[in-house]
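Just below is one structure, and these are the notes that go with it.
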Amino acid sequence: MRPFAIVDARASFASRLLLGALIAAWTAAISLLLLHRIVVSNDSLSNYGHVWLITEHLREHHSLPWKLPALLHGDGQAYPYGFLPWTLAALLRPLLGDWVSTLFMAVGAGGVIAGTFAALPELRRPLPAACALANPVLVEMFVLFQLPFAWAAALFLWAAWAFRRERMVAATLLAGAAQATHAAVLMPITAVAFLLAWNIFPGRRRGLAMSYAVSVAAALPAAAIVLASPVVSDASRTTVLANFAETVGWRALVFIVPAALAWLTTRRPRGLWPAAILFLALNPLLVPVRHTMFAWGLFFREPDGQVAAFTRTPAFEPGATYRVLRAGDGKVGMYQILKAGGRLDSEFFPESIDRRSWPSQQDYAAFLSKRRVDYVLIFTSYHRRFSTNEESLLNTMSGSRCASVAAQTSEYTAYRVQPSDCEVAR
């Protein structure tokens, strides 16, 4: 195995300086992340919410949950992904509190970086290493707080390391764990990797086929959970396929980019400077394209407490199902509703929240009824950001027997809804 050589007589001072700067940047980013008990970014609160709910189920029932009744109007899956990190985090949460999810994101990111250099020793020189650390997709994974994907990616990279070392048992276990951790993304990526390895290593095909088959079999239960998820079954086939292709294609670059850099290193090492410049430029340029402006504030953002304050008022009803509509809080308010004993009509991601307008009051009432909504908590920031007709429909309904204002401030209004009465009044 080639050692990691930051000081390399063959490397230029500029390449060593660039690598040092990127190592310092990653060290600072992970250190700042670890200073936060709760990190507020695009995908972070789903992790805190699931880990907390799994912890509560373990405490009350002494077993792992299959369903989480507090999510998705009673139909929430405990593990749409993330079985390994979420379960381990839930077991440690009584000791570490919410910070355990922050820690596990740092561990996942570190695992991806270490796994990249373990699986691809060709990158262990200053300029190739700098290019790998500047990979915009790797950076996006971190700032978006994609914890389950980070763990799955790390496991996959370490499986590749084990395969290259001909440690097939370890490679099989790690590949199976990677696919089970994020089946929707890692199963197709692993399938492509298997086909590539089949052609690159013809002398190892028998062992490779057995290893791949066992790893897929281990991940099939996780894949079944994804397919059975109400979010998947409720969405149109076109939407599911489009989201699937975009997500898998983009995240696969976490592996494709370093693999391409490793190939280029052995053939045209001087050609890496354009790649380094390109990656450094793409990180800021992709922010508006990928809509990650909010994510980059995670280092200095603290959770907003307005919803937590609402849950301490008499207007809050524990056990009721809430539809929380807000922009700019990273969905931390949804988590605060859960911790106060409420339930949510959705999961934490936008597709599940279903941000749209409705053609009529009756259609909207039917939607609320299907989701078993008791309260709609809507903030002024939501209407300014998404410009749907939901607030106007609620205002119209509040003049009838099917809705009423339970609480109101300058920032939000909480509506008590009885959608069945709206349908009767049609």
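In case it helps, our numbering puts the sequence shown at residues 2 to 427.
Where is the CB? At the ideal position from N, CA and C, for every residue including glycine.
Given the structure is predicted, the values throughout are model-derived calculations rather than measurements.
- Remark: C-beta atoms of Val186 and Ala151 do not approach each other more closely than 9 Å.
- For Phe146, the CB contacts under 8 Å within the same chain, skipping 5 residues up- and downstream, are Val40, Ser42, Asn43, Asp44, Ser45, Asn48, Met106, Ala296 and Leu299 in chain order.
- Annotated three-state conformation of Leu254 is helix, per DSSP.
- Taken through DSSP and simplified to helix, strand or coil, Ser405 comes out as strand.
- Rounded to whole angstroms, the gap between the alpha carbons of Phe317 and Leu33 is 34 Å.
- Per the Cβ contact rule, the region 117-132 is not in contact with the region 170-183 (fewer than 3 Cβ pairs under 8 Å).
- Secondary structure at Ala328: coil, using DSSP grouped into helix, strand and coil.
- With fewer than 16 other Cβ atoms from the protein chains shown falling within 10 Å of its own Cβ, Val290 counts as exposed.
- DSSP places Ala225 inside the alpha helix (DSSP H), whose first and last residues are Arg206 to Ala229.
- Taking C-alpha positions only, Ala163 is separated from Met169 by approximately 7 Å.
- Scanning its chain for C-beta atoms nearer than 7 Å, with the 5 sequence neighbours on each side dropped, one finds around Leu139 the residues Val113 and Val255, in chain order.
- Contact annotation: the region 396-414 does not touch the region 336-353, with fewer than three C-beta pairs closer than 8 Å.
- Counting only residues of its own chain and dropping the five nearest sequence neighbours on each side, Val144 has a CB closer than 7 Å to the CB of Ser42, Thr293, Ala296, Trp297 and Leu299.
- Arg344 is the residue among Leu287, Arg344, Ser411 and Leu97 whose C-alpha sits nearest the C-alpha of Leu73.
- Per DSSP, the unbroken beta strand (DSSP E) holding Thr414 starts and ends at Tyr413 to Val418.
- Bridge partners of Tyr376 according to DSSP: Tyr323 and Arg417.
- Annotation: the continuous alpha helix (DSSP H) that includes Leu139 extends over Pro137 to Val144.
- Residues Ile379 and His384 of the same chain have their beta carbon placed closer than 7 Å to that of Glu392, with the five preceding and five following residues left out of the count.
- For Arg165, the enclosing alpha helix (DSSP H) stretches over residues Leu148 to Arg165.
- Contact annotation, Arg125 with Phe118: C-beta distance approximately 6 Å; criterion of less than 8 Å satisfied.
- For Gly21, the enclosing alpha helix (DSSP H) has its first and last residue at Phe14 to Leu35.
- With contact defined as three or more Cβ pairs closer than 8 Å, the region 53-69 and the region 82-94 are in contact.
- Distances from the alpha-carbon of Ser382 to those of Pro319, Arg372, Thr267 and Gln307 put Gln307 closest.
- Proximity to Phe368 across Glu412, Cys423, Ala328 and Ala219 peaks at Cys423, based on C-alpha coordinates.
- C-alpha of Ala110 to C-alpha of Leu156: approximately 11 Å in a straight line.
- By the Cβ-count criterion, Glu167 is exposed, with fewer than 16 other Cβ atoms from all chains shown falling within 10 Å of its own Cβ.
- Glu123 and Leu69 have their C-alpha atoms some 45 Å from each other.
- Judged by DSSP in its simplified three-state form, Arg313 adopts coil rather than helix or strand.
- Per DSSP, the continuous alpha helix (DSSP H) segment holding Tyr383 begins and ends at Thr381 to Phe387.
- Taken in chain order, the unbroken stretches of alpha helix (DSSP H) that lie wholly in the region 270-308 and span 4 residues or more are 273-291.
- Counting only residues of its own chain and dropping the five nearest sequence neighbours on each side, Ala161 has a CB closer than 7 Å to the CB of Ala120.
- Here Gly75 carries a helix assignment [DSSP, helix/strand/coil].
- Secondary structure note for Phe368: its alpha helix (DSSP H) is the uninterrupted segment Gln362 to Lys371.
- Lys371 and Ala184 have their alpha carbons spaced roughly 29 Å apart.
- For the options Gly342, Gln180 and Ile226, the alpha carbon positioned closest to that of Ser216 is the one of Gln180.
- With distances taken between CA atoms, Gly116 lies nearest to Leu158 out of Leu158, Leu20 and Pro66.
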